[in-house]
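Everything below concerns the one structure shown next.
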Amino acid sequence: MTEEQALRHLRAANAIAQAALDAGHHPFGALLVAADGETVLMTQGNVDAVNHAEAVLARRAAERFTPDELWPCTLVTTVEPCAMCAGTQYWAHIGRLVYGMAESDLLALTGAHPENPTLDLPCREVFARGQKAVQVIGPVAAVHDEVASLHRAFWKSPQRGT
């Protein structure tokens, strides 16, 4: 996947996050890109605090595609996957990850928010414990502010209690 493709897909994932936000969900978005770096196979917005965009997408992809088909694909997501989502990506056999904003930056925005008790465990550490090498690209500085803007507005809103 080229840098231009990664940026385009990250912005598409952020549009999915905006749609999730507009639907009343947490502002996270993910998509699965085929080995060609162009074809979007699946998209997913956040569902709730347990059904994160990345984990739901990875589970659905594993139902639809074989491990050999998924390994050359890329999961593109707005924010670095949490330990649950990284583990689900690993078990789904999706071999590459591109993300926009680091989970540590999300933690700085959410603090100890009860709707997002962020685990301070980088996805690279989760993947490093596995038996196959998942390629990780991120955080991507060029989209950080675009991704962060959705989270700043969401987590600081009066209905979120902060």
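Be aware that the sequence shown starts at 16, since it is given in my numbering, and climbs by one per residue. Note that CB positions come from ideal geometry on N, CA and C, so glycine has one too. Only a predicted model underlies this, so the values are computations on that prediction, with no experimental measurement involved.
For residue i, is the classification buried or exposed, using 16 other Cβ atoms within 10 angstroms of its Cβ as the cut-off for buried?
i, result
"ARG144", "exposed"
"GLN150", "exposed"
"ALA21", "buried"
"ASN131", "buried"
"GLN104", "buried"
"GLY60", "buried"
Quick one: is residue i near chain C, going by C-beta distance under 8 Å?
i, result
"GLU161", "Protein chain content of the structure displayed is limited to a single chain, and chain C is not contained in it."
Given this structure, state the Cα-to-Cα distance separating residue i from residue j, to the nearest angstrom.
i, j, result
"ALA161", "VAL48", "Note that residue 161 is Glu in the sequence shown here, rather than Ala. Going from the Cα of GLU161 to the Cα of VAL48 covers about 21 Å."
"HIS41", "LEU165", "9 Å"
"CYS88", "ALA123", "30 Å"
"LEU85", "PHE43", "22 Å"
"GLN170", "GLU140", "In the sequence on display, residue 170 carries Trp and not Gln. Approximately 26 Å, taken between the alpha carbons."
"GLN33", "PRO82", "30 Å"
"ASN66", "ALA35", "12 Å"
Report the option in the options whose CA atom is closest to the CA atom of residue i.
i, options, result
"VAL113", "ALA35, HIS159, VAL62, LEU36", "HIS159"
"ALA30", "ALA107, GLU130, GLY115, THR103", "GLY115"
"VAL155", "GLN146, ALA101, ALA148, THR92", "THR92"
"ASP120", "ARG111, PRO129, THR133, HIS67", "THR133"
"LEU136", "PRO96, ALA68, ALA148, THR58", "PRO96"
"GLY39", "VAL62, ALA73, ALA28", "VAL62"
Just curious, the alpha helix (DSSP H) that residue i is in, first and last residue?
i, result
"ILE31", "18 to 37"
"GLY153", "That residue, GLY153, is in no alpha helix (DSSP H); it is neither H nor E in DSSP."
"ARG74", "68 to 79"
"THR103", "98 to 107"
"LEU122", "118 to 125"
"LEU85", "82 to 85"
Assuming residue i is part of the beta strand (DSSP E), what are its boundary residues?
i, result
"GLN146", "Here GLN146 belongs to no beta strand (DSSP E), and DSSP marks it neither H nor E."
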